[in-house]
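Residue numbers (the working numbering), protein chains in the order written: chain A, 148 to 815; chain B, 78 to 767.
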């Protein structure tokens, strides 16, 4: 009997689409039991049909299980021709072996979080993943889930009675969800040349917290320091290769300052800690200067990009699981996460462009980038020059414009009314109890909302003012942990405060002339860069601003689609943010890089997977999928096995990053 | 609502009739398919077959196959219905049922102590034992494709069933070096997941972790010192730098928790591993960790040993000697039930034996201290243990007087004779036994063993003469058992003695004791100089634990192991059952091994404990779960199940929250451990020697 039941288990879990029809057949079946032989009723048909399907299903399952493991590969090879060796296998044949220990620093969203203490509603979830894995609980008890994933909106730490902690170990971020790899492919390839857990370390941290708070609450930075020291000590003094991804890049910048700063604020490692322990930092898709996406996320949790969270994990938060008021719930949750504020664009107008200019403005052609064939890149470049006359240049500097006409008009024609002085008017009485959700828009009132819209257009510099204006509490917390400016004088003692540590424009790199910094990122995918907004014809409880999705560019080639201006990038981080520091800000001996650490830019041009069998592709340039890019993995392995940037071939560039960087007028 | 919606298909089902008829036509062709499936389906289809035969001849349209499908459909439907109900059931429902049957459950210790106001204080370090830690594959042969970073040991053990020989090959170590075989890397899982559950639903540390979390512990204050339990202790450092990792992590725990020292909780073989660690960490580099002579006193508040086989376990001998059926190898011995099935088909025992013999760590549990501790031919510390009394649940009554009476009435077992050939030998007075020394015996040439080539066990090198010589020595005490193992498995023991030692030190200051092979033997090392440290020994009592064996020669077949436990030997009065003499313990570790060091060897200032580290013995009397709903019980004293014992968990939490041994109530003893320790004549003070 017992094996019978088990069988049912597999059957039902594998064929959930049948569940619907048979619940009620349960009753029918009883009737039938009395007279199975009499007549061929519809109950019989049902039962027969289900039985038949189950049998077939089991048969297929059996065949599938007995099938040799290599069959899928044969099929793929038959269709696409022989597969190339994975980089690990290839390099192993070249004779590469383990050399430097590696440290992974995962980004926002990709790290798993698990429950250690919760309210009643989260009973039975002890040490189960709330974030990452299957997200089963998100569907079963969405409000409970949102409550546990939120942080305290005053302190930015745990709410009382709730402890959600990062998962530790390689499992923390190898797969984000079942089958959706993040670090797994890289780990597997490193293992091919001999890496194992004693030479790899996943520096998992709670990505919801501000960077310094991870140390305050979990001592994560201390752990990282201790583990890196252990890796160096147990591997014969070989320095580590650090591989941060996405927000992990900023986190590791913060770490490098923290570890050399004196205790108690810092780690007290001494001024040569980095020089002694780090061989190279290989940043993957690093938003060094922030991402415009985070602005729209914070400002309006916008539909195309529900919150920063959704922006980085496409597909998972798309569903309407929260029932009503989805956006507000999400907004409330994500706004308690201080880390999202680390990615507000940094450097203001100097970097991101003003009303009438932007680094990318004149030369980037959106249409050309859509071309799939990247091998004809030279032709594209030429075409670019020709097209530049025809295509109107885009005002990327205007990160938020109210109305498409404003976005395209010349700056002299825009009438702007300053919003800063607007008085906080009396709120509309919101008697409707449905508005119990905490978002600060309810405290602003109509006048101020109008004032915001009347300012018409916001550049990277004024965006900060805008966020301070619409969400003062949020930004007050953020301002204590992050800074988004450019330092005039880096020796100013105020820059010893931790809030500047994650901003590359307000800190110096450590004194480690032998270290190397790589910036590796994908290019060739349109990436959000600026937005056209409109006022929402507001009901009481909704967010008053919305991306104007009706704003479309004139032609196929236009950069404006659905209210969003795109530029070159990896779908999340624009090239400018990922590449500028290594292309110019830190290149050679600059004031941001006093010891002359060598920097290298490695771009990977995006090519979508040729067919479905390839999954997420081995040549992808997308923000997360790039972790499975064979060329990138090969570069990483070579460096881990001891190669220098020069041996790798130095810079490797597809985009116009050097041209754009040259246009930025930053004192170096 | 949702149920209502689902009712719709009723009408649709009539629509689907034509379709069904079509399929009916088809099913004649598919007849063969289905029959095949029934054949392939490994009995899966038998119930429907039965139904097919039993069911009365169906009317013309109603064929066998229809009945079949119909039947399966019905079962599926009910199953899904139940599954749906189960999922829709509130999570607290099982608890209600349990409470209704057994009365209200007591609060788990974590909740209870939280109410008392206890909070997380000292960071804790778990040191798992043999077998309970997970192992995963990092590099393997062709046959293990697709198993990268999947668990080979622990978890579901799915691959043992799917590809047993491949699995054995990957789990084995190199039999020369005791390290990885060429091209295979199997590594311990790290983190709390390494040993929280051994297999789904079979907890090891999970209950303790959950209860600690109640009073505020989390991953920054807990650390699982997972290591590869197949390796000898020093080799874990050589290959994986595990000892260095433990040192670094303990230092980190102390540093990030405001200088509070750690509470270490080793279980089973982890106890020996941690003894080794304490010596290693203070020894100078390169052999040791170079932490300096006060490392332990600076970093460790208490060592809370759970079920520690300080002096080894007799089970290990049966495992190594004959991989015995009742105890297939040490592996099976400690994880009952998992290797029981005949999954290896042919030559099961040899395969398992070959595998477990490559694991050096199993040799760490051979009984130590020889005849001084375990008893000689005619005496043993436990003499007079009334084994039938122990069956009764209330052992408290078993006071000394009762035990003395029992001695007069019942013959006592000669526990000292760990292996006897024949029951008569086991019971005879020593003067009646004629022994012929086996040590000089020449191992005969082995018969041509072409069939057994592929299975490596050293018995094939011994030949008939050697086997006979072993049997003629008749009976073996703890000391001669080591010689015996050297005789029957010289290669294995050569590896073993390079890493472990089983003697008693005469002079602990002898420089030879600086070698790592002595570090895990409490009788050949001194405790660290840490007067503030406390050592607890927590273990279960009240269960029958293997202590000595009656063997016989097995009728000689070419490929089988020549010795076998004589399962026909039974004697109620002397605790002899199926060829095994039992004594009090936790089913794996006898009380003597778990308790002696803390009860006597280290009690006060002795030569093994020069700084006077305080020791406490805490025993937990076994009582089986009252009913099935309780699972593995909250009062269990069994070797692994004790990790869910509420009283033990409470003690551990109190210590972690800052209590000292005295505040806990000092010793708590149910067995006769103090009496038995008395009988052991072990020199404890240094001066007496001079």
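Positions of the beta carbon are idealized from the N, C-alpha and C atoms, including for glycine.
Which first and last residues belong to the beta strand (DSSP E) in which residue i is found?
| i | result |
| --- | --- |
| residue 312 of chain B | That residue, residue 312 of chain B, is in no beta strand (DSSP E); its alpha helix (DSSP H) goes 310-317. |
| residue 630 of chain B | 620-630 |
| residue 113 of chain A | Here chain A covers residues 148 to 815 and nothing more, so residue 113 of chain A does not appear. |
| residue 261 of chain A | 260-264 |
| residue 426 of chain A | 425-431 |
| residue 312 of chain A | 310-313 |
| residue 713 of chain A | 711-716 |
| residue 669 of chain A | 663-670 |
Tell me, which residues are paired with residue i by DSSP?
| i | result |
| --- | --- |
| residue 343 of chain B | B:204 |
| residue 682 of chain A | A:692 |
| residue 504 of chain A | According to DSSP, which records beta bridges pairwise, residue 504 of chain A is partnered with nothing at all. |
| residue 230 of chain B | B:212 |
| residue 322 of chain A | A:328 |
| residue 297 of chain A | Paired residues: none, contrary to the question. |
| residue 496 of chain B | B:553 and B:626 |
| residue 641 of chain B | B:629 |
| residue 745 of chain B | B:695 |
| residue 232 of chain A | For residue 232 of chain A, which the question treats as bridged, DSSP gives no partner whatsoever. |
| residue 195 of chain A | None, per the DSSP bridge assignment. |
| residue 648 of chain B | B:653 |
Is residue j closer than 8 Å to residue i when the C-beta atoms are compared?
| i | j | result |
| --- | --- | --- |
| residue 35 of chain B | residue 341 of chain B | Since the displayed chain B opens at 78 and closes at 767, residue 35 of chain B lies outside it and no answer follows. |
| residue 771 of chain B | residue 432 of chain B | Since the first and last residues shown for chain B are 78 and 767, residue 771 of chain B lies out of range. |
| residue 606 of chain A | residue 676 of chain A | no |
| residue 662 of chain B | residue 642 of chain B | no |
| residue 444 of chain B | residue 388 of chain B | yes |
| residue 561 of chain A | residue 604 of chain A | yes |
| residue 447 of chain B | residue 580 of chain B | yes |
| residue 690 of chain B | residue 676 of chain B | no |
Check each candidate in the options and name the one with the smallest Cα separation from residue i.
| i | options | result |
| --- | --- | --- |
| residue 414 of chain A | A:373, A:279 and A:776 | A:373 |
| residue 200 of chain A | B:338, B:150 and B:241 | B:150 |
| residue 144 of chain B | A:233, A:209, A:211 and A:194 | A:194 |
| residue 452 of chain B | B:259, B:492 and B:462 | B:492 |
| residue 316 of chain B | B:514, B:262 and B:327 | B:262 |
| residue 312 of chain B | B:738, B:714, B:573 and B:616 | B:573 |
| residue 140 of chain B | A:608, A:270, A:191 and A:226 | A:191 |
| residue 257 of chain A | A:236, A:324 and A:501 | A:324 |
| residue 492 of chain A | A:440, A:502, A:189 and A:503 | A:440 |
| residue 223 of chain B | B:692, B:335, B:236 and B:541 | B:236 |
| residue 231 of chain A | A:776, A:815, A:785 and A:799 | A:776 |
| residue 659 of chain A | A:273, A:418, A:260 and A:336 | A:418 |
| residue 332 of chain A | A:213, A:550 and A:765 | A:765 |
| residue 329 of chain B | B:352, B:356, B:300 and B:679 | B:300 |
Check for me: the alpha helix (DSSP H) holding residue i runs from which residue to which?
| i | result |
| --- | --- |
| residue 798 of chain A | Residue 798 of chain A -> no alpha helix (DSSP H), and no H or E assigned at all. |
| residue 301 of chain B | Unbroken run through residue 301 of chain B is the beta strand (DSSP E), 299-301; no alpha helix (DSSP H). |
| residue 377 of chain A | 367-381 |
| residue 746 of chain A | Per DSSP, residue 746 of chain A belongs to no alpha helix (DSSP H); it is in the beta strand (DSSP E), 745-752. |
| residue 262 of chain B | Careful: residue 262 of chain B lies outside any alpha helix (DSSP H), inside the beta strand (DSSP E) at 262-265. |
ask   = How about the region 475-491 of chain A and the region 612-629 of chain A: do they share at least three Cβ pairs that are nearer than 8 Å?
value = yes
The region 729-736 of chain A contacting the region 805-812 of chain A, beta-carbon criterion three pairs below 8 Å = yes
query = Do three or more CB pairs link the region 619-628 of chain B to the region 490-506 of chain B at distances below 8 Å?
reply = yes
ask   = Looking at C-beta atoms only, is the number of pairs between the region 240-250 of chain A and the region 373-392 of chain A that lie closer than 8 Å three or more?
value = yes
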